[in-house]
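Asker: Protein chains in written order, with this note's numbering: chain A, 1267 to 1605; chain B, 1267 to 1605.
Here you go:
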């Protein structure tokens, strides 16, 4: 396991990328993020299902961040980060690399705050997702995944235009924003025995665990990854960040090949477990959301429900479950369910 | 237009089918239904969308009855009706004819109240919908639409087993239950300028209009039908109930070929207008719900949003919009969106 020393070490190695607001991520930072997001982000509801409770033998409370602005929890972190920029930084603008939810979230947060934004996107990306980003008024900078690295393209733009890079997860202000999902959940659900959240780079669950473990120390916080993108569970077993091959999971938001430098130490300290789910279970969870709950959940958002319904987490009592987003093209959705 | 005399006349013609609880449908009956449904039916939320408001130039508040138990508003009417049966009627049980939402709603309400239920369903019906009805524990009685009339099959079963027929709309207790949608909407949304609801047999909008027009007399109540199933708008123009050909609209819950005997006089008195929408607008509304709102709405449930987005209702101010249900097979949904 990795302790706080490692976290400090990781930060010392990259001073130019230092987070803007904190040396550490605590409940206080999550609460401050919640104040910034008040009246801006949606307070997503909790959804319950008698069928699901009966299936799982527990009281399941789903928190659908699909209903969040921009269609995923990512808006919380992006807005919390952008709203803390200095005047000079706001004027120069921001750059992010993402074909998906982080890109849309940064684009929307930037528009709301009047900040110019460039989003570096794969030229091969989903037309629907790219249209959403452009629709929020951000400038798209396509790159060729075969010949360019998106981090480098973003770094060049940042250097040329003095723009601030907004990382998708390895940033304490982003994590604090994502943590407001856990803060809300703990408040809405009452006492919890378990909290499940998806794990990609680890920013969402780091924030959620920070809030939940301080507010409800008795709640076990469990991460869920696709089997094919089990970098965090492997890293936890190894006691250090390990890199896996390029994941090909349908859960496109969770295709991290290694945990974040800043997120991993937090998750190593706070998480009770990280489990992995097979692809068919993810599809079945999406189908359950559609046919029983009447909500649209993208593959990455459905991994928690998939783990639950496949019996991969021995839950009991009161269980909070984060469904992290709902951005999926209807045609892709249909193809997955027909597969 | 048809006045109260006609309503009384219609009722006088069919004394054996008289409603159980009221000579008239008033706010009081809807409020009594709300008390019966309290803690049993879900109080569905209101959903808003900045995109939709900008598109329509009004404040749109959507009430998604897709989140209601059994997946549509029909549960409200069915439960209100069944909960008022006498002990003898409960013991003998109920029979309903429906391949869809009314069947599922009666089946669920019957299960909750411990009442035996037979649902007369087309042998050619959707496997998913029939499975849902059977899943609630009702007995299925398939009929052959080519050679049998479902009303007659139900009447035979009712006579043989002394069962009570639960009509889908032409029943004041059913209408009073559906009216709780309007009662909730009026309470949740505050002052409203417009209320839109789908029109099939007319039970939902009769209940909704009854509640809304007493609570907020200034609100215009507008019905929406598919172009292909415009029996109520034609009947209103004619000043009497007229019958149209067998509708083939994708909105399978709205395929009424003529308005109800009991619903029509109420709707003729209370509705400000009924508009019709073309099929492609319904599909586009379903797509908007999926991609922007992240909710699953069936064709019948989407007609109101379709009318709004197609500019068929000149709304302004504060607008309440009933999305009546979300029971649609994922494969059918995909086929519609791809069409």
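Idealized CB from N, CA, C, for every residue including glycine.
Spell out whether any CB of chain A is found under 7 Å from the CB atom of residue 1608 of chain B.
Answerer: Examination of residue 1608 of chain B is not possible in this model, given that chain B is present from 1267 through 1605 alone.
Asker: Confirm, please, whether the CB-CB distance from residue 1458 of chain B to residue 1485 of chain B is below 7 Å.
Answerer: Going by C-beta atoms, residue 1485 of chain B is nearer than 7 Å to residue 1458 of chain B.
Asker: If we define contact as Cβ-Cβ less than 7 Å, is residue 1460 of chain B a contact residue for chain A?
Answerer: It does not: the Cβ of residue 1460 of chain B has no partner Cβ on chain A nearer than 7 Å.
Asker: Measuring only the C-alpha atoms, how far is residue 1370 of chain A from residue 1392 of chain B?
Answerer: Whole-angstrom Cα-Cα distance: 38 Å.
Asker: Whose CA, out of A:1420, A:1365, A:1564, lies closest to the CA of residue 1603 of chain A?
Answerer: With distances taken between Cα atoms, residue 1603 of chain A lies closest to A:1564.
Asker: Measure the beta-carbon distance from residue 1449 of chain A to residue 1300 of chain A and round it to whole angstroms, keeping in mind my assumption that it falls under 8 Å.
Answerer: The Cβ separation is near 6 Å, so the contact holds.
Asker: Where does residue 1317 of chain B land, buried or exposed, given buried means 16+ other C-beta within 10 angstroms?
Answerer: It is exposed - the Cβ of residue 1317 of chain B has fewer than 16 other Cβ atoms within 10 Å.
Asker: Name the DSSP bridge partner or partners of residue 1405 of chain B?
Answerer: Answer by DSSP bridge pairing, in chain order: B:1384.
Asker: Nearest by alpha-carbon distance to residue 1441 of chain A: which of A:1501, A:1410, A:1385, A:1342 is it?
Answerer: Here the closest residue by C-alpha is A:1342.
Asker: Considering only DSSP beta bridges, list what residue 1329 of chain B is partnered with.
Answerer: Answer is B:1588.
Asker: Around the Cβ of residue 1357 of chain B, are there at least 16 other Cβ atoms within 10 angstroms (buried) or fewer (exposed)?
Answerer: Answer is exposed; the Cβ neighbour count stays below 16.
Asker: Is it true that the CB of residue 1585 of chain B sits closer than 7 Å to the CB of residue 1385 of chain B?
Answerer: Cβ atoms of residue 1385 of chain B and residue 1585 of chain B: not closer than 7 Å.
Asker: Leaving out five residues on either side along the sequence, give the residues of the same chain with a beta carbon under 7 Å from the beta carbon of residue 1542 of chain B.
Answerer: Result list for residue 1542 of chain B: 1491, 1492, 1493, 1496, 1499, in chain order.
Asker: Taking the C-alpha atoms as reference points, what is the distance between residue 1597 of chain A and residue 1556 of chain A?
Answerer: Straight-line Cα distance between these residues: approximately 14 Å.
Asker: Check distances from the C-beta atoms of the segment 1553-1575 of chain A to those of chain B and list, in chain order, the residues that come in under 7 Å.
Answerer: Correct list: 1553, 1556, 1557, 1560, 1561, 1562.
Asker: Leaving aside the five residues before and after residue 1430 of chain A along the sequence, list all residues of the same chain whose C-beta is less than 6 Å from its C-beta, in chain order.
Answerer: Excluding sequence neighbours, residue 1430 of chain A sits near 1355, 1360.
Asker: Check each candidate in A:1436, A:1353, A:1453 and name the one with the smallest Cα separation from residue 1480 of chain A.
Answerer: Residue 1480 of chain A has its Cα closest to that of A:1453, out of A:1436, A:1353, A:1453.
Asker: Can you tell me the Cα-Cα spacing of residue 1433 of chain B and residue 1574 of chain B, whole angstroms?
Answerer: Their Cα atoms are separated by approximately 30 Å.
Asker: Residue 1596 of chain B CB to nearest chain A CB: under 7 Å?
Answerer: It does; some Cβ of chain A falls within 7 Å.
Asker: Output, in chain order, the set of chain B residues within a Cβ distance shorter than 9 Å of residue 1455 of chain A.
Answerer: Correct list: empty, because the minimum Cβ distance to chain B is about 17 Å.
Asker: Establish whether the CB of residue 1470 of chain A and some CB of chain B are separated by less than 7 Å.
Answerer: No, residue 1470 of chain A does not count as interfacial toward chain B.
Asker: Give the DSSP-derived three-state secondary structure of residue 1314 of chain B in the structure shown.
Answerer: Coil, per DSSP.
Asker: Which residues in chain B sit within 8 Å of residue 1604 of chain A, going by Cβ to Cβ distance?
Answerer: Simply 1597, 1600.
Asker: According to the Cβ coordinates, are residue 1468 of chain A and residue 1529 of chain A closer than 7 Å?
Answerer: For residue 1468 of chain A and residue 1529 of chain A, yes; Cβs fall inside 7 Å.
Asker: Out of A:1560, A:1451, A:1505, which one is the CA nearest neighbour of residue 1482 of chain A?
Answerer: Comparing Cα-Cα distances from residue 1482 of chain A to each of A:1560, A:1451, A:1505, the minimum goes to A:1451.
Asker: Thinking just about the alpha-carbon of each residue, which of B:1336, B:1411, B:1472 is nearest to the one in residue 1376 of chain B?
Answerer: Of B:1336, B:1411, B:1472, the residue nearest in Cα terms is B:1336.
Asker: Where does residue 1373 of chain A land, buried or exposed, given buried means 16+ other C-beta within 10 angstroms?
Answerer: Buried: at least 16 other Cβ atoms inside 10 Å.
Asker: My output table needs one value for residue 1465 of chain A: the three-state DSSP class, helix, strand or coil.
Answerer: DSSP places residue 1465 of chain A in coil when its eight states are reduced to three.
Asker: Assuming residue 1547 of chain A and residue 1576 of chain A form a contact by the criterion Cβ under 8 Å, report the distance between their Cβ atoms to the nearest whole angstrom.
Answerer: With 8 Å as the limit, residue 1547 of chain A and residue 1576 of chain A qualify as a contact, their Cβ atoms being about 4 Å apart.
Asker: Does the beta carbon of residue 1592 of chain B come closer than 7 Å to any beta carbon on chain A?
Answerer: Yes, residue 1592 of chain B lies at the interface with chain A (some Cβ there is under 7 Å from its Cβ).
Asker: So for residue 1541 of chain A, helix, strand or coil by DSSP?
Answerer: Reduced to three states, the DSSP call for residue 1541 of chain A is strand.
Asker: In whole angstroms, what is the alpha-carbon distance linking residue 1345 of chain B and residue 1292 of chain B?
Answerer: So the alpha carbons of these two residues sit roughly 18 Å apart.
Asker: Measuring straight from C-alpha to C-alpha, what distance separates residue 1455 of chain A and residue 1312 of chain A?
Answerer: So the two alpha carbons sit approximately 8 Å from each other.
Asker: According to DSSP, which residues form a beta bridge with residue 1488 of chain B?
Answerer: Note: residue 1488 of chain B sits in a beta bridge opposite B:1462, B:1539.
Asker: Which residues, in order along the segment 1296-1325 of chain A, keep a beta-carbon less than 7 Å from a beta-carbon of chain B?
Answerer: Taking 7 Å as the Cβ-Cβ cut-off against chain B, the residues of the segment 1296-1325 of chain A that qualify are 1311.
Asker: How would you list, in chain order, the residues of chain B whose beta-carbon sits under 8 Å from the beta-carbon of residue 1403 of chain A?
Answerer: Under the 8 Å cutoff, chain B gives no residues; its nearest Cβ is about 13 Å from residue 1403 of chain A.
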